[in-house]
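Chemist:
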Amino acid sequence: MTNTPKKTTKAKAKTSQDTAAHETSTPVNDAPERLTFTSDKGASRSTWFAGILVLVIVGWMGSGFVLPSEDTDAPVAREELKPIAVAVETSVAEVVTQFYQAEGQAQPDRDTMMRAETSGDIAEVLVRKGQDVSAGDIIARFDPTRNQADANRVAEDLASAERELQNAQQLLERGVATADRVVDARASLASVQAEVTAIEQAADALTITAPFDGRIETLDLDEGEFVSAGTEVGRLVDITPLTVAIQVPQQSLTRLSVGQPATVRFITGEERMGTVTFVGTSAAAETRTFLAEVEVENDDGAIPAGISAEVIIPTGEATAHFLSPSIVSLSTEGDLGVKTVNSDDIVEFYPIQIVKAQIDGIWVTGLPDSVDIITVGQGFVNATETVAPSAGEQS
């Protein structure tokens with residue numbers, strides 16, 4: 062009788078455990094699912110494996126193996142140092158003649174205004190405007206009537222003065238006249254002689270003549286016209302030879318000297334040789350330039366004065382390279398120059414000076430006698446950079 066209650070209690074406990082286990086293992090859906098407990102066989106091994114796997118993953122990520130810094134930077138550095146491809150051409154210096162070139166204006170060798178030396182009426186005009194004349198040719202004559210009358214009067218005065226002096230000397234010798242009378246007679250004669258000279262000079266002034274060979278550029282004379290002494294009557298121009306005047310800047314003055322040959326190209330298309338005949342020694346105050354003159358033969362008078370001309374004067378020789386202007390570049394300091402490649406494929410920059418310019422290129426100095434010039438790609442590289450050169454040609 063005493064053991065019956067204990068069995069009942071154990072039975073109830075077992076029933077409660079079964080019920081709890083059943084409620085715990087009941088899934089949300091209706092499908093049956095197998096329960097796993099830590100007490101099951103193999104559960105402890107899975108826990109250890111999961112822990113080890115977590116540790117391995119954490120260590121792997123922390124080590125930087127996924128994105129290693131050294132391995133990542135290396136490809137980038139190699140990409141930056143990759144040489145840039147450029148085209149180069151070997152240029153060898155040549156001896157070239159240097160020139161000074163300037164624009165000028167053709168001027169007559171001599172240019173003067175002719176003036177009347179006396180007053181009177183124009184009796185005759187012997188030339189016309191545009192006519193070529195020689196030195197001494199008569200341009201015009203004044204009416205000589207008044208001068209002839211003055212000459213006749215003075216001739217009589219001269220004869221009278223000579224007789225008076227002769228009589229005074231004879232009387233002095235006889236002791237009748239004094240020495241003062243002789244002195245007065247001589248003074249009167251000298252005065253008349255001076256008047257004679259003036260009349261003769263006036264007679265010469267009645268004729269207007271050409272002072273040198275040239276062409277009558279203007280002529281303001283008509284027959285019968287009264288002209289006062291000193292009036293300009295015409296302009297005479299000598300264009301054989303011509304003188305071409307140019308202005309030379311201060312920095313180029315030492316390149317020119319008297320006697321240098323020159324080529325002169327006129328705007329009319331004519332081209333002739335000339336010679337430097339004058340180089341100024343005093344600069345113009347306004348422009349700070351010096352006057353230089355080139356004489357050009359113009360015996361046929363075909364080239365008129367006043368037209369524009371280009372003067373080219375050889376000033377020496379220089380060893381220079383012929384380049385296309387397209388390969389010239391500027392340094393970081395703004396210097397004009399050329400980029401080259403040395404034997405180690407390293408870019409070098411050489412400042413240059415232009416000594417001669419042509420339609421198809423320029424001649425420059427400042428480079429070695431033989432040099433590899435970058436002709437394509439110079440805008441993408443700088444001095445001291447390493448490049449990958451290949452043969453090319455100037456564009």
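Residue numbers for the sequence shown follow the working numbering, beginning at 62 and rising by one. All residues carry an ideal CB built from backbone N, CA and C; glycine is no exception. In this text the structure is predicted, and so the values were computed from the model without any measurement.
(1) For Asp241, count neighbouring Cβ atoms within 10 angstroms of its own Cβ and tell me buried if that reaches 16, exposed if not.
(2) Is Thr258 helix, strand or coil when you go by DSSP?
(3) According to the neighbour-count rule (16 or more other Cβ atoms, all chains shown, within 10 Å of its Cβ), is Glu462 buried or exposed?
(4) So for Gln192, helix, strand or coil by DSSP?
(5) Leaving aside the five residues before and after Thr87 along the sequence, list all residues of the same chain whose C-beta is less than 7 Å from its C-beta, in chain order.
(6) Please report how far the alpha carbon of Val288 lies from the alpha carbon of Glu261, in whole angstroms.
(7) Mark Asp170 as exposed unless 16 or more other C-beta atoms lie within 10 angstroms of its C-beta, in which case mark it buried.
(8) Is the beta carbon of Val372 less than 7 Å from the beta carbon of Val437?
(9) How big is the Cα-Cα spacing for Val425 and Gly197?
(10) Just the C-alpha distance for Tyr411 and Arg276, rounded to the nearest angstrom, thanks.
(11) Could you say which of Ser343, Glu284 and Gly335 lies nearest to Leu314 if we only look at CA atoms?
(12) Hey, how far is the Cα of Ser195 from the Cα of Asp299?
(13) Glu284: which of Thr393, Glu278, Ala184 and Thr445 sits nearest, CA to CA?
(14) For Phe339, which residues of its own chain have a beta-carbon under 6 Å away from its beta-carbon, when the five flanking residues on both sides are left out?
(15) Could you give the first and the last residue of the continuous beta strand (DSSP E) run that contains Arg333?
(16) So what does Glu409 bridge to, in DSSP terms?
(17) How is Ala74 classed by DSSP in three states: helix, strand or coil?
(18) Roughly how many angstroms lie between the CA atoms of Val416 and Gln159, to the nearest whole one?
(19) The beta strand (DSSP E) spanning Gln321 covers which residue range?
(20) Helix, strand or coil, according to DSSP, for Gly165 in the structure here?
(21) So Pro450 packs on Asp433, CB below 8 Å; how close in whole Å?
(22) Using 8 Å as the threshold, is the segment 347-361 in touch with the segment 397-406, meaning 3 or more CB pairs across them?
(23) Apart from the five residues just before and just after Glu178, which ones in its own chain have a Cβ nearer than 7 Å to its Cβ?
(24) With DSSP collapsed to three states, give me the class of Pro144.
(25) Closest to Ala34 by C-alpha separation, out of Gln311, Arg316, Thr329 and Thr336, would be which residue?
(26) Under the assumption that Val294 contacts Thr350 (Cβ atoms under 8 Å), give the Cβ distance between them as a whole number of angstroms.
(27) Got a sec? Which residues, its chain only, sit under 7 Å from Ala271 by beta carbon, not counting five neighbours each side?
(28) At the level of alpha carbons, what is the spacing between Val186 and Asp204?
(29) In terms of alpha-carbon separation, which member of Thr380, Ile374, Ile420 and Ala444 lies closest to Ile407?
(30) Which term fits Val156, buried or exposed, when burial requires 16 or more other beta carbons within 10 angstroms of its beta carbon?
(31) Would you kindly work out how many angstroms separate the C-alpha atoms of Thr393 and Gln166, rounded to a whole number?
(32) The alpha helix (DSSP H) spanning Ser221 covers which residue range?
(33) Excluding the 5 residues preceding and the 5 following Gln414 in the sequence, name in chain order all residues of the same chain whose CB lies nearer than 7 Å to its CB.
(34) By Cβ distance, which residues of its chain are closer than 7 Å to Ala366, with the 5 residues on each side in sequence left out?
(35) Would you kindly work out how many angstroms separate the C-alpha atoms of Ser249 and Phe273, rounded to a whole number?
(36) Starting from the C-beta of Glu164, find all residues in its chain whose C-beta is less than 8 Å away, skip the five residues before and the five after it, and write them out in chain order.
Modeler: To lay it out plainly:
(1) exposed
(2) helix
(3) The shown model of the chain, from 62 to 456, leaves out residue 462, and the question about it has no answer.
(4) coil
(5) With a pLDDT of 44 at Thr87, under the threshold of 50, the predicted position of this residue should be treated as unreliable, though the coordinate-derived value follows. Excluding sequence neighbours, Thr87 sits near nothing in its chain.
(6) 19 Å
(7) buried
(8) no
(9) 55 Å
(10) 57 Å
(11) Ser343
(12) If you take the alpha carbons of Ser195 and Asp299, they lie about 10 Å apart.
(13) Ala184
(14) Glu354
(15) Glu332 to Val340
(16) Thr401
(17) Confidence at Ala74 is low in this model, with a pLDDT of 42, below 50, so its placement is unreliable and no value can be given for it.
(18) 6 Å
(19) Taken as a continuous stretch (DSSP letters only), Gln321 belongs to no beta strand (DSSP E), as it is neither H nor E.
(20) strand
(21) 7 Å
(22) Contact fails: fewer than three Cβ-Cβ distances are below 8 Å.
(23) Ala266 and Ala290
(24) Of the three classes helix, strand and coil, the one that applies to Pro144 here is coil, per DSSP.
(25) Given a span of 62 to 456 for the chain in the structure shown, any question on residue 34 remains unanswerable.
(26) The Cβ separation is near 36 Å, so there is no contact.
(27) Val194, Ser195, Ala196, Gly197, Asp198, Ile200 and Leu297
(28) If I take the Cα positions, the gap works out to 11 Å.
(29) Ala444
(30) exposed
(31) If you take the alpha carbons of Thr393 and Gln166, they lie about 41 Å apart.
(32) Thr206 to Arg235
(33) Val425, Thr426 and Gly427
(34) Excluding sequence neighbours, Ala366 sits near Ala167, Gln168, Pro169, Val298, Ile300 and Leu303.
(35) 40 Å
(36) Answer for Glu164: Ile307, Ser369, Ala370, Glu371 and Val372, listed in chain order.
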